[in-house]
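Okay, structure first, notes after.
In UniProt numbering, the protein residues as written are 1 to 45.
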């Protein structure tokens, strides 16, 4: 069980990193998209 949970956490972290990298790359192509993502998630001020 512990090993499965650890693998799940690693996959989640990898997914978050992949999304972050994608968002940064997209931001360099399309300015303002990160702000749109943050506001859609309710994180923007």
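Even glycine gets a Cβ: it sits at the ideal position worked out from N, Cα and C.
Worksheet item: What's the C-alpha gap between residue 6 and residue 36?
Response: For this step, residue 6 is matched to residue 6 along the chain shown. For this step, residue 36 is matched to residue 36 along the chain shown. One alpha carbon belongs to residue 6, the other to residue 36, and they sit about 32 Å apart.
Worksheet item: In whole angstroms, what separates the C-alpha of residue 18 from that of residue 4?
Response: Numbered from its first residue, the chain shown carries residue 18 at position 18. Numbered from its first residue, the chain shown carries residue 4 at position 4. One alpha carbon belongs to residue 18, the other to residue 4, and they sit about 21 Å apart.
Discussion item. Rounded to the nearest angstrom, what separates residue 24 and residue 10 at their Cα positions?
Written reply: Against the chain shown, residue 24 aligns to sequence position 24. Against the chain shown, residue 10 aligns to sequence position 10. For residue 24 and residue 10, the distance between alpha carbons rounds to 21 Å.
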